[in-house]
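Asks:
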Amino acid sequence: MKGKIRRLAGAIRDLFIKGLSHTARPLSDDREAIWSIPKPFKRAYYAWVGLLWTPTLIVIVVEKIPATAAMDWWMQPIAVIRASGLEFAPIGVSVAIAGLLVVQGGMVIVSIYQAIVNRFVTPVIEDHREEGREEGRAEGRSETNRAWREWLGRRTEAEAQGLPFNEPQPDEAE
């Protein structure tokens, strides 16, 4: 009988260890936060929920403390935690859901903004960028032509005076 109990305990322990090692592996998918809050909005969600949970929980705990005055000192924290938990649970869940809705609403607003930018602003920026390229090319051609004209002028002048001209061409100078 003792052998069977030991084998059963060993099997339970082995199963427990396998379960723990299985849960310690990283997840293969890219989930973020509770209720699939998108990664960019995770901090906003936790900040919003924490901002609403903290004062609510403080008020509930402060209200419960006087009711435990007649209890033994070691039972007071347990009674406060139990009573506060019962009162805070529906409020906490409601705040978490409200926070989810606020963050998801913010995500919708940002998505609409991005769609408007992609539809109306990006094409204007691309048009201006292309105009800038054309202006830059025209300016570059103008500078190059001027450099060649000046070089040719100096060369012609040197040849007319019979002086040697060994200045490099403008495209070789740089």
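Start counting at 1 in the sequence shown, then tack on 21, and there's your number in the working numbering. Even glycine gets a Cβ: it sits at the ideal position worked out from N, Cα and C. Remember, it's a predicted structure, so these values are computed and weren't measured experimentally.
(1) Taking T77 and F109 to be in contact with their CB atoms under 8 Å, please state how far apart those CB atoms are, rounded to whole angstroms.
(2) From E147 to G120, what does the alpha carbon distance come to, in whole angstroms?
(3) What first and last residue would you give for the alpha helix (DSSP H) that runs through V138?
(4) Kindly indicate which three-state DSSP category N187 falls into: helix, strand or coil?
(5) Could you tell me which whole alpha helix (DSSP H) segments of length 4 or greater appear in the region 63-125?
(6) Tell me the residue span of the alpha helix (DSSP H) that contains V142.
(7) Any contact of the region 84-92 with the region 121-135, i.e. 3+ C-beta pairs under 8 Å?
(8) Go ahead and pull the three-state DSSP assignment for P59.
Replies: So, from the data block:
(1) Looking up residue 77 in the sequence shown gives position 56. Looking up residue 109 in the sequence shown gives position 88. Confirmed, Cβ separation roughly 7 Å.
(2) Taking the first residue of the sequence shown as position 1, residue 147 is located at position 126. Taking the first residue of the sequence shown as position 1, residue 120 is located at position 99. Rounded to whole angstroms, E147 to G120 spans 38 Å at the Cα level.
(3) As a position in the sequence shown, residue 138 is number 117, starting the count at 1. It is not in any alpha helix (DSSP H) - V138 carries neither H nor E in the DSSP assignment.
(4) Counting from 1 along the sequence shown, the entry for residue 187 is found at position 166. Looking at N187 - three-state DSSP - the assignment turns out to be coil, as it is neither helix nor strand.
(5) 63-85
(6) Position 121 of the sequence shown, counted from the start, is the residue given in the question as residue 142. Run containing V142: none; DSSP gives neither H nor E here.
(7) no
(8) Within the sequence shown, numbered from 1, the residue matching residue 59 stands at position 38. Shown here, P59 sits in coil according to DSSP, grouped into three states, outside any helix or strand.
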